[in-house]
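J.: Residue numbers (the numbering used here): 215 to 320. Structure incoming, see below.
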Amino acid sequence: MGNLTVTMTDVNGVTRVIDNAEPGLSLMELAKANDVAGIMGDCGGGCACATCHVYVDAAWWDRVGAPDDIEASMLDMAENVQPRSRLGCQIKLSAELDGITVTVAP
Ligand code: FES
C-alpha cells in the first residue's frame, strides 16, 4: 500500500478519496483495484480501448499534461471527449501527482 491520495468521481457521480495509492500504479489500475464505477480497462492498459477515459481536474492539468500522439489518436475514437480528457492507464501515479482529482467520463 502506498501513501498517495487520489480523488475520483465515478460515472455515477460518487466521489471517493483513495488515500493509500501506490506510486507507479496507473489511474486505471488504481480505479480497478478500488471498484470505481465506469473504469473498465478492457485492454489491460495498452492504450487500445479507451474504457479508462477520465477528465483531469483543471488544477492538475498542467502537471499531468497532454496525451502523446498514440493516446491522442485513441481518444479521437472515444466518446464524450473534452479538453482535459486523458486515458487513465497512461497516467502513472507519483509523488508529483499526490492529491490529483479526476472524474470518470461517461
Ligand atoms: S485500459 Fe485500455 S486504453 Fe486504458
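Backbone N, C-alpha and C fix where the C-beta goes; we use that ideal spot for every residue, glycine too. Being a predicted model, the structure only gives us computed values, none of them experimental.
According to the Cβ coordinates, are Asn-234 and Ala-251 closer than 8 Å?
T.: Their beta carbons are not under 8 Å apart, which means Asn-234 does not touch Ala-251 by this criterion.
J.: Helix, strand or coil: how does DSSP classify Ala-280 here?
T.: Coil, per DSSP.
J.: Count the other CB atoms, across all protein chains shown, that sit within 10 Å of the CB of Gln-296; report buried if there are 16 or more and exposed otherwise.
T.: Exposed.
J.: Taking only the alpha-carbon atoms, compute the straight-line gap between Leu-301 and Ala-264 and give it to the nearest angstrom.
T.: Each residue's alpha carbon lies about 6 Å from the other.
J.: According to DSSP, what are the bridge partners of Glu-318?
T.: Before going further, note that residue 318 is Val rather than Glu in the sequence given. Partner(s): Val-268.
J.: DSSP on Ala-273, reduced to helix/strand/coil?
T.: Helix.
J.: Taking the Cβ atom as the reference point for each residue, do Trp-274 and Thr-315 lie within a distance shorter than 8 Å?
T.: The answer is yes: Cβ separation under 8 Å.
J.: Thinking just about the alpha-carbon of each residue, which of Ser-240, Leu-311, Ala-292 is nearest to the one in Val-278?
T.: The option with the nearest alpha carbon to Val-278 is Leu-311.
J.: From the DSSP secondary-structure annotation, give me the bridge partner or partners of Ala-292.
T.: Paired residues: none, contrary to the question.
J.: Would you mind stating whether Met-185 and Ile-232 have Cβ atoms separated by less than 8 Å?
T.: Summary: the structure shown does not reach residue 185, with the chain confined to residues 215 through 320, and so no result is reported for it.
J.: Using a threshold of 7 Å, is the CB atom of Met-242 nearer than that to any non-hydrogen atom of ligand 1?
T.: Result yes, Cβ under 7 Å from ligand 1.
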